[in-house]
Every structure is written in C-alpha cells, then in structure tokens.
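Residue numbering for the sequence shown follows this note's numbering, starting at 286 and increasing by one per position.
For each residue, glycine too, the CB sits at the ideal point set by N, CA and C.
I have placed the structure first, in the form of structure tokens, so that the comments after it can refer back to it.
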Amino acid sequence: VPDPTLLLDASEYAHFKLRNKMYNNPYLFFFQISPDNEKLASKINKIVQLECKIKLQESKQTSLYNMLIHKGLIGPDRWLSYIDQSSFVVTDSFHGLTFCLIFHKPFIVILKTESIPALNSRIISLLDIVGLPHRALSHFEESKVVRICRERIDWETVDKKIAIFRQKGIKFLNDSFLR
Numbered sequence: 286v287p288d289p290t291l292l293l294d295a296s297e298y299a300h301f302k303l304r305n306k307m308y309n310n311p312y313l314f315f316f317q318i319s320p321d322n323e324k325l326a327s328k329i330n331k332i333v334q335l336e337c338k339i340k341l342q343e344s345k346q347t348s349l350y351n352m353l354i355h356k357g358l359i360g361p362d363r364w365l366s367y368i369d370q371s372s373f374v375v376t377d378s379f380h381g382l383t384f385c386l387i388f389h390k391p392f393i394v395i396l397k398t399e400s401i402p403a404l405n406s407r408i409i410s411l412l413d414i415v416g417l418p419h420r421a422l423s424h425f426e427e428s429k430v431v432r433i434c435r436e437r438i439d440w441e442t443v444d445k446k447i448a449i450f451r452q453k454g455i456k457f458l459n460d461s462f463l464r
C-alpha cells in the first residue's frame, strides 16, 4: 500500500503550497532529517551546484533539528513550496522523495548509514517501484553524482508507475473498508 501522500497527485496539493515565488533564482533544496552523512551531503551538494549551475540557499540547508530549534517550525505550505519551487533536491527523507516524485523535481536521496538505517527500506522500495533506484546514495562517488545530475527523468513513466501503485492502494483500502 502506498504512503498516503502518494494517493494524491500534484494538482491536489496546489492549495497547500504558497502562491508567491519565494526566491527569484533557481536553487538547490537540501532537506535532511538525521545528522547522519553530513559530510556526504556536503560533497553531493557541491557537485549538484556545479553541475546544475544553481546555488544552495543557506536557508534551504535545513535539518529537522535546525527547523525546529533555530528557525522555528515551518508549516507544510512552506515546506511543500521549498520542494516545488526548487531546481533540484537532496534529501534523506522519505516524504522529501515522495514530493520530488509528485512535483517532478530531480533529486538525490542520501541513505542513512548510522541512525536507523532500517528507514531506508521505504525509500529503496519506492525508488524500485518508479524505476529510479540509482538515485539513492550511501557513499560519495563523484562520477555517479554527476551522472545523476545530468540524467533527465522520464516523468511520464514515473507518473504511470505511481498511478498503478496508487490504484492498487486505493483498491486495497476500498476492499478493506467495504467488507
């Protein structure tokens, strides 16, 4: 069964996003939940910035801790808008990945290696379903990051695979609740 966030498509999230553009220039959105792999994230972010010719906005290099403690909690509208308006996303978050897929944003997912690596299973499973398992990294390999940055994602194919997954989930929920 898909995560509930995948039961809706991009148009159904439109009313949750900010209407105004937050930044005029293209940017990299870096969203990290756990402090694992900060050095890996830093290396990846540098390559993405060079390859995609975009800047990492300091306000986008956001860990969950930083959002909650230093900057105050941001709401879902701002968080969704950060992803939707970005040019590229680097994240270790399952939901960061789901919204990259929904909003058609190129991405790299950093797999957790220290704290709770079991959380990677949802990420790996979803990437397998949409045919993009190579976009998850657990160690730095510059040539792989460059290849990912240069790769154009076939969003039509991704959308079709998500639609099939979504329909299976909706059927399961209907069958479960209508018994």
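By alpha-carbon positions, which one of 394, 338, 327 ends up nearest to residue 310?
The residue given as residue 310 occupies position 25 in the sequence shown. Checked all of 394, 338, 327; the closest Cα to residue 310 is 338.
Opposite residue 384 in the DSSP bridges: which residues?
Residue mapping note: residue 384 aligns to position 99 of the sequence shown, counting from 1. Answer by DSSP bridge pairing: none, since residue 384 is not bridged.
Whose C-alpha, out of 328, 378, 370, is nearest the C-alpha of residue 299?
Working through the sequence shown from its first residue, we reach residue 299 at position 14. With distances taken between Cα atoms, residue 299 lies closest to 370.
Could you check the C-alpha separation between residue 398 and residue 325 for me, to the nearest Å?
Taking the sequence shown and counting its residues from 1, the one referred to as residue 398 is at position 113. Taking the sequence shown and counting its residues from 1, the one referred to as residue 325 is at position 40. When rounded, the distance between both Cα atoms is 11 Å.
Would you kindly report the start and end of the unbroken beta strand (DSSP E) that includes residue 393?
As a working mapping, residue 393 is identified with position 108 in the sequence shown. Its beta strand (DSSP E) spans residues 392-395.
Using the beta-carbon count (16 or more within 10 Å), is residue 391 buried or exposed?
Along the sequence shown, read from residue 1 onward, the residue named residue 391 stands at position 106. By the 10 Å Cβ count, residue 391 comes out buried.
Determine whether the beta carbon atoms of residue 260 and residue 413 lie at a separation below 8 Å.
Residue 260 lies beyond the residue range present for the chain, which begins at 286 and ends at 464; the question has no answer from this structure.
Taking only runs of the alpha helix (DSSP H) that begin and end inside the segment 407-447, which ones reach a length of at least 4 residues, in chain order?
Counting only runs of 4 or more, we get 427-435.
If you pair each beta-carbon of the segment 329-337 with each one of the segment 301-308, do three or more pairs fall below 8 Å?
Touching, no, given that fewer than three Cβ pairs across the two stretches are closer than 8 Å.
Which of the three DSSP states, helix, strand or coil, is assigned to residue 341?
Along the sequence shown, one-based indexing puts residue 341 at 56. Here residue 341 sits in strand by DSSP.
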